[in-house]
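Residues 187 to 418, numbered by the working numbering, are exactly what the sequence shown covers, in order.
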Amino acid sequence: MSELDSVCRLQAEIWGSAEVAVPATLLKVMSGAGGIVLLAEADSGPVGFAYGFTGRSPSGQVYHRSHAAGVLTSARGAGVGRALKYAQRIEALGRGLSRMVWTFDPAQTGNAHFNLNLLGATARSFRRDYYGIRSDALNRGRLSDRLVVDWFLDDSELAALHHHQPGARRSVPVPDRLRDSSAPGEMKDAYRELRVGLEAAFADGMAAVAYDRENGAYSFATLPPGTPGSVE
Ligand SMILES: CC(C)(COP(=O)(O)OP(=O)(O)OC[C@H]1O[C@@H](n2cnc3c(N)ncnc32)[C@H](O)[C@@H]1OP(=O)(O)O)[C@@H](O)C(=O)NCCC(=O)NCCS
187 MSELDSVCRL
197 QAEIWGSAEV
207 AVPATLLKVM
217 SGAGGIVLLA
227 EADSGPVGFA
237 YGFTGRSPSG
247 QVYHRSHAAG
257 VLTSARGAGV
267 GRALKYAQRI
277 EALGRGLSRM
287 VWTFDPAQTG
297 NAHFNLNLLG
307 ATARSFRRDY
317 YGIRSDALNR
327 GRLSDRLVVD
337 WFLDDSELAA
347 LHHHQPGARR
357 SVPVPDRLRD
367 SSAPGEMKDA
377 YRELRVGLEA
387 AFADGMAAVA
397 YDRENGAYSF
407 ATLPPGTPGS
417 VE
């Protein structure tokens, strides 16, 4: 329980609000019922966490639904985030699950780079206002639009995705104002602008496969035939 308490404390600290942290009692139940709860510790103490539970799509596909992962600001950029995601992957595979799903804010381009470029996940769908209005430090003043990410955990599926040379490609730019502005009104307008580009690409059957940091844009592609569809 003390390790689970550490996960709750880390979540509150990273998101700047106790409101977003799930209770340790729920993490306890989750971890005993097929969920995965991970804590990363350095010599200085706990620095990061990841947790999720087993999801089931309406058509019966079973997958690991990751809910949150975070690393203290002071410990970022040293590979802890990747180590947590890879540990989560190994745990999920050990439970017979070959797919992991989570969401992220499309305006958080650092997360886009982490999820799409470093981990090799793909974003298959988009949800407007997923969580309504949020007031924690990471979400205040923003819309809660979310990209839904699919991460194929089986090596052969990952390789098939990466070696595929897609025919159709499209670039969806993230408005500069979303990265630079702190004015909530301007930021919300920029979210709405990004929405239009993302929704159009998904409506054309494409998926976001990378984030182009040089040009500040999502790279969309048509996925190989037979690639499983989004579960959420
Ligand atoms: C995303 C996060 C878990 C990555 O943790 P980490 O320990 O820094 O991850 P790693 O060291 O393995 O990878 C670092 C990469 O993540 C990128 N990154 C993503 N978000 C970042 C952030 N908020 N701050 C710094 N780097 C971030 C870095 O650019 C870096 O890539 P680069 O070395 O190619 O430039 C961490 O930044 C974090 O806790 N962010 C706030 C909470 C959050 O957004 N959670 C994820 C929701 S999907």
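All C-beta atoms, glycine included, are put in the ideal place defined by N, C-alpha and C.
{"query": "Looking at the unbroken beta strand (DSSP E) that takes in Val-257, where does it start and where does it end?", "result": "248-257"}
{"query": "Return the CA-CA distance between His-299 and Gly-218, expressed in angstroms with no decimal places.", "result": "32 Å"}
{"query": "Please report the straight-line C-alpha distance between Lys-214 and Leu-190, rounded to a whole angstrom.", "result": "7 Å"}
{"query": "Between Tyr-377, Thr-259, Phe-239, Ser-243, which has its C-alpha nearest Ser-252's C-alpha?", "result": "Phe-239"}
{"query": "Looking at ligand 1, does it come within less than 8 Å of Thr-259, judged from the CB to the closest heavy atom?", "result": "yes"}
{"query": "Under 8 Å: does the beta carbon of Gln-274 sit that close to some heavy atom of ligand 1?", "result": "no"}
{"query": "By DSSP, does Asp-398 sit in helix, in strand, or in coil?", "result": "strand"}
{"query": "Note down, one range per segment and in chain order, each alpha helix (DSSP H) of at least 4 residues found wholly within the segment 285-361.", "result": "295-298, 341-349"}
{"query": "Give me the Cα-Cα distance between Thr-259 and Ile-200, rounded to the nearest whole angstrom.", "result": "7 Å"}
{"query": "Indicate the three-state DSSP secondary structure (helix, strand or coil) for Glu-189 in the structure shown.", "result": "helix"}
{"query": "Report the three-state DSSP secondary structure of Ser-260 (helix, strand or coil).", "result": "helix"}
{"query": "Find out if the Cβ-Cβ distance for the pair Phe-235, Gln-197 is shorter than 9 Å.", "result": "yes"}
{"query": "Is it buried or exposed, Arg-281, if we count other Cβ atoms within 10 angstroms and call 16 or more buried?", "result": "exposed"}
{"query": "Is the beta carbon of Trp-201 within less than 8 Å of some heavy atom of ligand 1?", "result": "yes"}
{"query": "Regarding Gly-327 and ligand 1, is the C-beta to nearest heavy atom distance less than 8 Å?", "result": "no"}
{"query": "In the DSSP assignment, what are the bridge partners of Val-223?", "result": "Tyr-237"}
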